[in-house]
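**Student:** Take the position in the sequence shown, starting the count at 1, then add 1388; the result is the number in the working numbering.
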Amino acid sequence: MAALLVDANNVCRIRIINTLYFGDKELAQLIELLPENGAQVVELDLTACRQITDAGIAHLRNLTALRSLNLDNCSQITNVGLAHLSHKTAMRSLNLRDCRRITNAGLAPLAGMTRMQSLNLQECDQITDAGLDFVEEMPVLQSLLLYGCRQTSAARHAQIENFTKTNRRNLEG
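1. How would you call residue 1420, buried or exposed, if buried means at least 16 neighbouring beta carbons within 10 angstroms?
2. Work out the CA separation of residue 1511 and residue 1554 for me, nearest whole Å.
3. Expressed to the nearest angstrom, what Euclidean distance is found between the alpha-carbon atoms of residue 1535 and residue 1485?
4. In terms of residue numbering, what span does the alpha helix (DSSP H) encompassing residue 1528 cover?
5. On a Cα-Cα basis, can you pick out the residue from 1547, 1521 and 1464 that is closest to residue 1412?
6. Report buried or exposed for residue 1497, applying the criterion of at least 16 other Cβ atoms within 10 angstroms of its Cβ.
7. Could you spell out where the alpha helix (DSSP H) holding residue 1461 opens and where it closes?
8. So residue 1523 and residue 1507 are supposed to be a Cβ contact under 8 Å. How far apart are they, rounded?
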């Protein structure tokens, strides 16, 4: 399924999900077809596009307005792909669920995403408690999903939950 939604302000949301044959080449071609090479894209959902690799993530560099990226079940994404996202400091939502090749080192470049509000790391089973230190550098993080991160401890989950609750309270008032 694919959808391209553009509102009156030329803000663009793209959904390409469960597409077996959509990979790096197709992503690059799509971005080239967009006005200003995708400068108005605020949301990109690539759920279960299993042919997307780190090279495909590099093509997102021109998506300067990108605030939300869903890479749920994009199983070929690694730490290298996340490094391509490090300059996306305005990103507010990132879904990396079931990206099992990501390790603690992959979270380091994300620490600079100071506007991150929601991060999904479910089933990223190479993440450990040490990797969560990078998450705590996200000052407005309100939601962190860790289900299936088998190498993280319940104690560390509780610390992170207190951190995100404090952020929610600080942002509310």
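Cβ atoms here follow ideal geometry from the backbone N, Cα and C, with glycine treated the same way.
Just so you know, these numbers come straight off a predicted model, no measurement behind them.
**Tutor:** According to the structure shown:
1. Residue burial is scored here from C-beta neighbours: residue 1420 has fewer than 16 other C-beta atoms within 10 angstroms and is therefore classed as exposed.
2. Straight-line Cα distance between these residues: approximately 25 Å.
3. For residue 1535 and residue 1485, the distance between alpha carbons rounds to 9 Å.
4. Per DSSP, residue 1528 belongs to no alpha helix (DSSP H) and is neither H nor E.
5. That would be 1464, whose Cα lies nearest to the Cα of residue 1412.
6. Taking all protein chains shown into account, residue 1497 has 16 or more neighbouring C-beta atoms within 10 Å of its C-beta and is therefore buried.
7. That residue, residue 1461, is in no alpha helix (DSSP H); it is neither H nor E in DSSP.
8. Indeed, because the Cβ distance is near 7 Å, the residues count as touching under 8 Å.
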